[in-house]
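Chains as they are written, first to last, in my numbering: chain E, 1224 to 1688; chain Z, 310 to 796; chain Y, 13 to 248.
Glycine residues also receive a C-beta, built at the ideal position from the N, C-alpha and C atoms.
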Amino acid sequence: MIWMIARRDLLERWRDGRLLWAGGMILVLLLTALAIGYEHRQQARAEQRAAQSADYADWLKQGRRHPHDAAHQGMHAFKPEAALALIDPGINPYIGSTVWLQAHRQSEVMFRPAQDATSLQRFGELSTGWILQVLGPLLVIVLGFNAFAGEREQGILRQAVSLGIPTRSMLWGKAIALGASLLGLLAPAALLACVAAVLAADAGTRLDTWLRFGLLAFGYALYLGIFVFLTLGVSAAASTSRVAITVLLALWIGNAVIAPRVMAELARRTHPTPTRLEFNHALDANLKATSDRLWMANFGTTERWGRDVPLDKWGKALQFDDHSSYKVFDRHFGGLWDTWEHQQALQEWSGVLLPMLAVRALSMDAAGTDFGHHRNFTDAAERHRRLIQDIVSEDLVKHADPLGGQHFAYQSGPELWKRIPAFNYHPPAAAWALQRSWRSLLALCAALGLAFAFAWRAASRQRAY
Amino acid sequence: MNKLLQFRRLRMVMAEELRLLAADRSFWVVSLIFLVLIGYALSNGLHQATLRAGAQSAIVHDDVQRRAGQLNKLERIMAGKEVPGPFDNPADPTHMGGGYGAHHAILPPAPLAAVALGQDDLFPSQYKVTYESRISFIGNNDIENPWNLLSGHFDLSFVLVYLLPFLIFALGYNLLSAERESGTLRLLMSQPLALWTLLLGKIATRAVVLLALAVLVPVATLMLARPAALSGGGTLLYWAATVAVYALFWFALVLAVNACGKSSATNAMVLIIAWVTLVLVLPSLLNLAVGAAVPSPSRAELATRTRVLTAEAMARNNKLLSTDYAHVGKPGVLVPKDGSIQMAGRLRGMFLIEREIDQKIAPELARFDLQQERRQALVARYSFLSPAAVAAEAMSALAGTGQRRHAWFMRQVGNYHAAWQQFFFTRIDAGRAVTVADFSHIPHFAWREEEGSTVDRDAMWALVQLFAPCLLLLGFALWRLRRYRVV
Amino acid sequence: MLEAIGLTKRYGANTALDRLDLRIEPGDIYCLLGANGAGKTTTINLFLNFIDPSEGRALINGMDVTRSPLRTKQEVAYIPEQVNLYPTLSGLENLRYFSGLALGRELPRERLLGLMEEVGLDPAVADRRVGGYSKGMRQKVWIAVALAKQARALLLDEPTSGLDPRAANEFSNLLTRASANGVAILTTTHDLFHARHTGTRIGIMKQGCLVENLESRAISDLELQTIYLRHMGGAA
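This is the structure:
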């Protein structure tokens, strides 16, 4: 019986043109976004590959010079653009993908792509993820708002109930019809996206991309499922179609348009971040305190690089200095980034009532374009930088320090440069992403449960006439 | 028909519509929600604006204090009471011109800043300007969670651009269709009442109510909470006009849709689709199109080029870099003698390298700037396609957080940077120390506000861009109304 | 005076009204009979300029309704079959609004109450919301509006349908009084009895054409019924 109800519902939706027009428009947008996303991603990846290999080649090609200088010139780390960024570019436009690994400076990303943006940046970028997150629920609402209410107005519901059809069958039937409509519309696009992503993926990561895509698809299925049941529930609870669509639209605006901004402001207030000035002050104060302690202990003075530190100790001094500052940097930057992750976690939890935030986090995580993945990259870059620094310092201690006053006359060459490996970064595996997405997944499941419970109750208690 | 009698009837219609609205519970609910949203948006805007102003004044205070400290230190050094260190010597122009002595160039907030927070987090309002290449300090942004950057701010501009149309839809989607569906239109039209008079009365009533909410409430709140906003002079008026004309556009759309004579449900659907298209989809499609038409030069390439130049410059100055720090064991070396200062070879080398890179990378950066200008020009030309984009940018511009004011700021930063470099390069090249007297001549960033006429011109142009589609829609509505079927 | 000269309305291939010639003098009560879709409502809509004629003209007091829509509407009062007022307003408020629009100025409360009394509405219900009124009560409010207008012509679309016999009788008396005052009345109806006893002339419409034009005094109830059924295709 459920299948009969589903089939009839689906047929009607097709016949009244809604599926064709509304669905068609969304499909066109989706395909456009996919095409553009694919092109962007391919271009970015090619660029990164070329730049990264040129970077290392140049490093090796350096002439003979003081190792410290080589470390100052440094290397670059280019973040590989995730294959699934073509579906959801996540925070990538708002955070740079180039890190300069330079001596004595904590590496921070260089440019934010959004800096090159025009005033239209505030309206966001048209991506597949955005379309699904913002317009997907609207599509569900348009397709389903009068599922119960319309039939009630036409008197058909009364007749159906008089035939003895249980409301749970009606609910399931209509839910399946809605789901099938969505599937019919989105499946071709999804297939295309999957193929595009797998093609775009780097060699050896194809399986990983598959798995991530699966997680992504699952997340969006949960998200749209929430709206299917919410729509049916409201349709059942509302007295007329007009009331149903008004309420649903209000909910949609609240979820898709208002919620992200309000929750961002709330998260900012709950977990505030310091201004750059405050951050720098705190960092510098801590660095100074640590360095004073260290230099006093080792050289009997707090004056760094002053007259009391002989040149034949500069290599060793550099080593101490760097190592001590690592902990300070880690504490401060780590604290800052932890705050950001807390801000995001708060918004993921709010996904129980505002599913868009949870699915956004999940989508970015699965695509590999969220802050967690970025942090993974910058941590790896920083580790590489420290590796460079350590190798260089060691060499200085061994060769430059013994030269005493001629410390800076020491020059090293390709034999040292070769000892430093290329920056070879592999983004974390799908399992890691899955593990990190537990909050959003849980929130989405809870939201789905709530939506289903609401729909069940509304359908059982609705008036037949 | 006697115009006077239609005018009287117009007044009657307006009065009755007001009564009808007041008796409609959903009107109160929607208005209340809107009021809450506006209130929250304003309070948030004021809060953020206050925070930013506070952060800026902290920076200024910090700069001033450091400079005072440096002056103090220099005086003590010259009096022989203190020995300078190798990396923080206020007499050394390479230090004072670098990060040690650098001050911030600050873009102060405009009076209406609370109204549109804009992309202040993407376009920073302060840069620490050193003699190094621009590339080194431009990237130094304020700390903000990229997720929050993605979400955007909840400010008044957002509520007005995105949500005001919904309020207008809620009040007007069934302007005529409800009367027709309920049968009262027949009764009205059997009286000597022109259809146009009826419509005008209905729209005018709703417009008055709406604008009271959307314009008067924020203006009144600003006057109370931030009286400085009034000092903006005509800016507040332009802002009110922008909101009014933007609202008028949506009213014109509602009118046009109603004039087509379809059912209330169809009207609602068409209006929602129009909103999604004009406010959500078109601007981001336009964004993409501009990005495709005039792509941004590759930043990765810039990074590579910078590194190549750095390598070349370092190779050229290798000898200098190989000299040692002579001050070790001989601290007196760092003290200026007869106005001259001996700069450590390595430091001099670093400085020369920096300058070389700056000069060579300048054309690349100029290319970026040019591309950016072209993209923004393209946006300015085509944003008329989306009234939401026009309104948002207009409100940002009036709030002082728009792209044009920031570009103006960047130009002034460029000039300040050049002056700063000039001041310190002459000293570095000549080996002249920084004296106590020099301190008062160190270039100081003095912000020059935009020309009022520029602001006014852009505001007027935005109004025109918003008004033109209004007229088109009104024309269309007039045409369709001739054929409007009352039954 | 109401006049139709060759009045025609076509919707594509379908002719809803075919060259209607009609003249209703002041004091006449002209009843238009016919099946659903015969063209009765179309005629009324044409007089009210709710639709444009394909051919011909409709005149009210000598003025063409398409040329002077607002002027002619001042002269005529319209009472539809279903009177729907603004449910959130009271009867009095509805009356005040519509009569205000009709006359171009608002009438004072006493006058409005007087009008309500004239149509037989209890003043107690005047301030109650129309949402609670019965169909008859709503119609009475509308008649009050029509009276306030003091129009010289009246257009009624099935006014007695859905009214109980007492209300229908009250209504007939109203029409008679108006006609005595020199108002030209055109009313469409299904009610043969009402047509013959209240109306002065009777017209029968079939598929857009006026097939019979009778004086109500000249025929009996039975004759009217016979003629009517003959045109409708039923057995005599």
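Within chain E, the residues Arg1484 have their CB atoms less than 7 Å from the CB of His462/Z, given in chain order. Not a single CB atom of chain Z sits nearer than 8 Å to the CB of Val1251/E. At a cut-off of 8 Å between beta carbons, Glu490/Z makes no contact with chain E.
For the alpha helix (DSSP H) assignment, the uninterrupted runs of no fewer than 4 residues enclosed by the region 1562–1611 of chain E are, from N- to C-terminal side, 1578–1590.
By the criterion of at least three beta-carbon pairs nearer than 8 Å, the region 114–125 of chain Y is not in contact with the region 164–173 of chain Y. Scanning its chain for C-beta atoms nearer than 6 Å, with the 5 sequence neighbours on each side dropped, one finds around Pro420/Z the residues Ala537, Ala538, Ser540, Gly541, in chain order. Assigned with DSSP and collapsed to three states, Glu67/Y falls in strand. Across the set Glu391/Z, Cys779/Z, Ala698/Z, Gly658/Z, the C-alpha of Gly658/Z shows the shortest separation from the C-alpha of Asp738/Z.
The beta carbon of Pro1578/E sits no closer than 8 Å to any beta carbon of chain Z. Under the rule that a run must span 4 or more residues, the alpha helix (DSSP H) segments found entirely inside the region 635–711 of chain Z read 654–691, 696–708.
Counting only residues of its own chain and dropping the five nearest sequence neighbours on each side, Ala1461/E has a CB closer than 7 Å to the CB of Ala1372, Ala1467, Val1470.
One finds Ile452 in chain Z with Cβ atoms closer than 8 Å to the Cβ of Pro1497/E, taken in chain order. Counting the other Cβ atoms within 10 Å of the Cβ of Glu1638/E gives fewer than 16, which makes it exposed.
The Cβ of Thr514/Z sits no closer than 8 Å to any Cβ of chain Y. In this structure, the alpha-carbon of Val603/Z lies about 7 Å from that of Gln680/Z. Rounded to whole angstroms, the separation of the alpha carbons of Pro606/Z and Thr632/Z is 39 Å. The Cβ of Pro65/Y sits no closer than 8 Å to any Cβ of chain Z. Identification of residues in the region 104–117 of chain Y having a C-beta nearer than 8 Å to some C-beta of chain Z yields Glu105, Tyr109, Phe110, Gly112, Leu113, Ala114, Gly116, Arg117, given in sequence order. Runs of alpha helix (DSSP H) with 4 or more residues, each lying fully within the region 72–146 of chain Y, are found at 81–87, 103–115, 121–130, listed in chain order. Under the three-state reduction of DSSP output, Leu1386/E falls in the coil class, being neither helix nor strand.
For Tyr440/Z, no Cβ of chain E is located within less than 8 Å of the residue's own Cβ.
Leu775/Z is positioned such that its CB atom lies closer than 8 Å to that of Val699/Z. Buried is the label assigned to Glu1571/E, since at least 16 other Cβ atoms lie within 10 Å of its Cβ. Excluding its 5 nearest sequence neighbours in each direction, Gly709/Z has C-beta neighbours in its own chain below 7 Å: Pro418, Ala419, Leu421, Ala422, listed in chain order. Within the region 605–625 of chain Z, Ser605, Pro606, Ser607, Arg608, Ala609, Glu610, Leu611, Ala612, Thr613, Thr615, Arg616, Val617, Thr619, Ala620, Met623, Ala624 place their CB atoms closer than 9 Å to a CB of chain E, listed in sequence order. Under the 10 Å beta carbon count, Asp1507/E is surrounded by fewer than 16 other beta carbons and is classified as exposed.
Taking the C-beta atoms as reference points, Leu159/Y is found no nearer than 8 Å to Glu182/Y.
The alpha-carbon separation between Ala1490/E and Tyr471/Z amounts to approximately 22 Å. When only Cα atoms are considered, His1327/E and Phe1552/E end up about 11 Å apart. Within the region 357–387 of chain Z, those residues whose Cβ lies closer than 7 Å to any Cβ of chain E are, in chain order, Ala364, Ala367, Ile368, Asp371. The contact set of Phe693/Z on chain E, defined by CB atoms closer than 8 Å, is empty, because the minimum CB distance reaches about 13 Å. Apart from sequence neighbours up to five positions away, the residues of its chain that approach Tyr793/Z with a beta-carbon distance below 6 Å are Gly570, ordered along the chain. Residue-level contact check: Ser1663/E does not touch chain Z, since none of the beta carbons of chain Z fall below 8 Å from its beta carbon. Among the residues of the region 329–344 of chain Z, those with a Cβ less than 7 Å away from any Cβ of chain Y are Leu329, Ala332, Asp333, in the order of the chain. Interface residue (Cβ-Cβ distance to chain Z less than 8 Å): Glu1488/E is classified as such.
Each residue's CA atom was taken as its position, placing Leu790/Z and Leu564/Z some 10 Å apart.
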